[in-house]
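K.L.:
Residue numbers (this note's numbering), protein chains in the order written: chain A, 59 to 209; chain B, 19 to 708.
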């Protein structure tokens, strides 16, 4: 049993050998987290497990017992978006958008623990999230904007 | 076909009929001919029903946010509120559309869309709400878009932006169908231009894997010369386990004659063997000593989209439906119809948002794999390439080797010579089968390799020539095609020529420029960056700081200039600290997203100089993950300032333009900081240590 976006869920036996990424995408139909590399080096699959940004493509479903998983689908409260989502739209961050769910989840995890991060803290938290379109300058601005909003 | 716009959603679509050859896995390439869009084609893009409009996007959406720009055009010309227009991505059940390549969307599609919307607006104003509308061409001066009206020049919220930040399904791999299975086609770990095929495999071990469904021997057409073996499973994770359990034995041909790629792409060697066959500039430089004589070697590079390509195929009762994140849905349709001997009207390809294209998602690969597997198992099958497959089986930016020479007379360039050897971009082996290559190579140059070989300067007696050699890896279009590497070489050479002339590099360029639009962006970037004719290098403690400049014209229509600042540590570690870029692409529909394209191009420029390099081994791509072929990260990102120069010409594209100025500016800044002219890319930081 684990908690997914606030709801208790079980891992079915058929999914016991799968990764959290595929469990989310193909069993729970939560398509926000993306497959990018399968070895945890691009960040497109990032979700938050017990408050930490983790790479769901290398996170085995066998390790889910008793943890709390938060995905991008669980960020908004009704029609009210999370400040990081608002900031991403305000700065028109996305180009292709494929990496952005992972970028947003890494930013949420950063700001949850460090509401006013330094430039170095932003770099450390975000350097594992690759973006080939080159939206990094806007990601920085969006994090600064969200940081003001959450403080 | 009559010229008409469809008022009513769900009306009869326009279906293009493009003849396709027959034969299973025919080795004749499918090259559909599709003209530039006209009013007839545009008529089907916009429909009206019950007070709402539907814009069927005639382009692929891959992050250029063309959906937003075209919605701006539609809303402006229809003269309706933003929220009244719904945008949907196209399928192939309509008149054929050009592939989304070459930064052509705004250039070629703005006017037809505006004309269709204007006629639809008039029809509705006249009280019509049903039937079909004839699109009557009017003068550009009567179109609101070309007058900069409505939302033109603004930055409305991004189409699909909300869906992206809330994680909704948008991409091919996000499509969900009842009973869908997961597939993969395994291929030998070898060059795609060496014949290979599966010989033996352990079927019983595969059957033991929970979730195993099938092994498919007829796995669709080869990729290059690599034949595959298909596997299908109930869950995606089982595919890795099955492929390991199968332990496939591969039959692999002998090494490709150019298995040593870097030794093969050597401009001086090829030049010593005879004249280069293809000529981009045909002047005749005088014999004698040169003031600048440089050799540049730029390696192969991957597109490295974060989305490995994906497709879902659903074969049912003789009809095939495909969902694909492709830059060319119509090519996919025609290729698959040809390969599997289907009528094109029984194949429907629905395009989805692409998770990064950059020129790399233009051929048919994963779509044919999914088709073969779906046909074999009789269920919908999703195939998404693994990251190692994305490196091994996709095509890449070809390596290129350049020899540049310049001679000065009276402080100006009097003679210029550019020799280049590269591999194919247009007539790529990813499309042209090997038996056909000898034929095309004999008569055809390659416009992709050639792109950007004619610098935007008065160069006196100037000659530029090239050859393209077949390689064991697949090469092809990569953001800007030849323009990026060629401009890197020519802008480096211009910089050295300015030094040889003892002149400021910005002023030196201006003295060789005739085109006032280029002079304008170059002057503008000088002002933006506070460029002065003082030496462009300083130190801060032990850190060496340098500034460089470069400029260029892309495809003869759009203009960019860049100033870069770099900081180089004593150990040679090089950081781009600031980039200033000016850009002119005529009338701008969405300034914020043109800037976004400039920012993207600048990050690609940074990667091109500092990191892009695709490792190969005995003719095959040996990179498997981003760690093997790093791309720029957030911590590599400089402060970026982009300024758009207002243009009066009709709008053109921006998706590749700054690739002509970014790399040159960065490498010229390194030259200013260190005194070293970089000739081998990417930069070897250790060589810059003091």
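All C-beta atoms, glycine included, are put in the ideal place defined by N, C-alpha and C.
Can at least three beta-carbon pairs, one atom from the segment 225 to 238 of chain B and one from the segment 269 to 277 of chain B, be found at a separation below 8 Å?
P.N.:
The segment 225 to 238 of chain B, when compared against the segment 269 to 277 of chain B, does not touch it at the 8 Å Cβ threshold.
K.L.:
Does the Cβ of residue 287 of chain B have 16 or more other Cβ atoms within 10 Å, making it buried, or fewer, making it exposed?
P.N.:
With fewer than 16 other Cβ atoms within 10 Å, it is exposed.
K.L.:
Is the segment 486 to 504 of chain B close to the segment 531 to 550 of chain B, with three or more CB pairs under 8 Å?
P.N.:
The segment 486 to 504 of chain B vs the segment 531 to 550 of chain B: no contact.
K.L.:
Answer yes or no: does any C-beta atom of chain B fall closer than 7 Å to that of residue 207 of chain A?
P.N.:
No, no contact with chain B.
K.L.:
By Cβ distance, which residues of its chain are closer than 8 Å to residue 175 of chain A, with the 5 residues on each side in sequence left out?
P.N.:
Excluding positions up to five away in sequence, the list reads 168, 169, 183, 201, 205.
K.L.:
Span of the alpha helix (DSSP H) holding residue 655 of chain B?
P.N.:
First-last for residue 655 of chain B: undefined, no H or E at that position.
K.L.:
At 9 Å on the CB atoms, spell out the chain A contacts of residue 402 of chain B, in chain order.
P.N.:
Near residue 402 of chain B (Cβ distances below 9 Å), the residues of chain A are 93.
K.L.:
Roughly how many angstroms separate the alpha carbons of residue 135 of chain B and residue 526 of chain B, rounded to a whole number?
P.N.:
Computed Cα separation, rounded: 47 Å.
K.L.:
From the beta carbon of residue 177 of chain B, is the nearest beta carbon of chain A less than 7 Å away?
P.N.:
Residue 177 of chain B does not count as touching chain A.
K.L.:
Residues of chain A with CB under 9 Å from residue 196 of chain B, in chain order?
P.N.:
Neighbours of residue 196 of chain B on chain A: none; closest Cβ ~12 Å, over 9 Å.
K.L.:
What separation, rounded to the nearest whole angstrom, lies between the Cα atoms of residue 20 of chain B and residue 155 of chain B?
P.N.:
Its pLDDT being 38, under 50, residue 20 of chain B is placed unreliably by the model, and the measurement read from it follows with that caveat. In a straight line, the C-alpha of residue 20 of chain B is about 13 Å away from that of residue 155 of chain B.
K.L.:
Which partner residues of residue 578 of chain B appear in the DSSP bridge assignment?
P.N.:
In the DSSP output, where bridge partners are listed per residue, residue 578 of chain B has B/570, B/601.
K.L.:
Flag residue 373 of chain B as yes if its beta-carbon sits less than 7 Å from any beta-carbon of chain A, otherwise no.
P.N.:
Yes, contact with chain A.
K.L.:
Mind listing which residues of the segment 69 to 82 of chain A have their C-beta closer than 8 Å to chain B's C-betas, in chain order?
P.N.:
The residues in question are 72, 73, 75, 76, 77, 80.
K.L.:
From B/68, B/640, B/663, B/79, pick the residue whose C-alpha is nearest to that of residue 405 of chain B; which is it?
P.N.:
Among B/68, B/640, B/663, B/79, the Cα nearest to that of residue 405 of chain B is on B/640.
K.L.:
Leaving out five residues before and five after residue 385 of chain B in sequence, what residues of the same chain have Cβ atoms less than 8 Å from its Cβ?
P.N.:
If we look at residue 385 of chain B and ignore the five residues flanking it on each side, its Cβ neighbours are 329, 331, 340, 342, 344, 350, 353, 354, 367.
K.L.:
Beta-carbon within less than 6 Å of residue 522 of chain B's beta-carbon, same chain only, minus the 5 sequence neighbours each way: which residues are those?
P.N.:
Cβ within range, chain order: 551.
K.L.:
When you compare each of B/567, B/89, B/77, B/571 to residue 475 of chain B by their alpha carbons, which one comes out closest?
P.N.:
Residue B/571 is the option with its Cα nearest to residue 475 of chain B.
K.L.:
Taking only beta carbons into account, state which residues of the segment 77 to 94 of chain B come closer than 8 Å to chain A, listed in chain order.
P.N.:
So the close ones are 80, 81, 82, 83.
K.L.:
Does the Cβ of residue 434 of chain B have 16 or more other Cβ atoms within 10 Å, making it buried, or fewer, making it exposed?
P.N.:
The residue in question, residue 434 of chain B, is buried, as its Cβ has 16 or more Cβ neighbours within 10 Å.
K.L.:
On the CB-based measure, 16 or more other CB atoms within 10 Å of its CB, does residue 66 of chain A come out buried or exposed?
P.N.:
The residue is exposed, with fewer than 16 neighbouring Cβ atoms inside 10 Å.
K.L.:
Are there three or more Cβ pairs, one per stretch, closer than 8 Å when the segment 437 to 455 of chain B is compared with the segment 412 to 423 of chain B?
P.N.:
In short, these stretches touch, since the Cβ pair count reaches three.
K.L.:
Taking residue 88 of chain A as the query, report the chain B residues whose CB atoms sit under 9 Å from its CB, ordered along the chain.
P.N.:
Simply 185.
K.L.:
Touch check for the segment 78 to 92 of chain B and the segment 100 to 114 of chain B: three-plus C-beta pairs under 8 Å?
P.N.:
Yes, the segment 78 to 92 of chain B touches the segment 100 to 114 of chain B.
K.L.:
For residue 261 of chain B and residue 389 of chain B, what's the separation of their Cα atoms in angstroms?
P.N.:
Roughly 19 Å between the two C-alpha positions.
K.L.:
Could you list which residues in chain E have their beta carbon closer than 9 Å to that of residue 191 of chain B, in chain order?
P.N.:
Annotation note: the requested chain E is absent from the structure, which comprises protein chains A and B.
K.L.:
For the putative contact between residue 79 of chain A and residue 114 of chain A, defined by C-beta atoms under 8 Å, what is the C-beta separation to the nearest angstrom?
P.N.:
That belief holds up - the Cβ atoms of residue 79 of chain A and residue 114 of chain A are roughly 4 Å apart, short of 8 Å.
K.L.:
Closer than 9 Å by beta-carbon distance: list the chain A residues that pair up with residue 621 of chain B, in chain order.
P.N.:
Chain A residues near residue 621 of chain B: 189, 190, 191, 192, 193, 194, 195.
K.L.:
Thinking C-alpha only, which one of B/566, B/440, B/444, B/514 is nearest residue 504 of chain B?
P.N.:
Per the Cα distances, B/440.
K.L.:
Classify residue 496 of chain B as helix, strand or coil using the three-state DSSP reduction.
P.N.:
Coil at residue 496 of chain B, not helix or strand.
K.L.:
Quick one: grab the DSSP three-state call for residue 708 of chain B.
P.N.:
Three-state DSSP puts residue 708 of chain B in coil, outside helix and strand.
K.L.:
Give the range of the beta strand (DSSP E) segment to which residue 104 of chain A is assigned.
P.N.:
104 to 107 is the extent of the beta strand (DSSP E) around residue 104 of chain A.
K.L.:
So what's residue 194 of chain A in DSSP terms, helix, strand or just coil?
P.N.:
Residue state, collapsed to three classes: helix.
K.L.:
I want to see whether chain A comes within less than 7 Å of residue 682 of chain B, judged by CB atoms only; does it?
P.N.:
With 7 Å as the cut-off, residue 682 of chain B does not count as an interface residue toward chain A.
K.L.:
Would a check of beta-carbon distances place residue 370 of chain B closer than 7 Å to chain A?
P.N.:
By this cut-off, residue 370 of chain B is not an interface position.
K.L.:
Quick check: what's the CA-CA separation for residue 399 of chain B versus residue 191 of chain A?
P.N.:
The straight-line gap from Cα to Cα measures roughly 29 Å.
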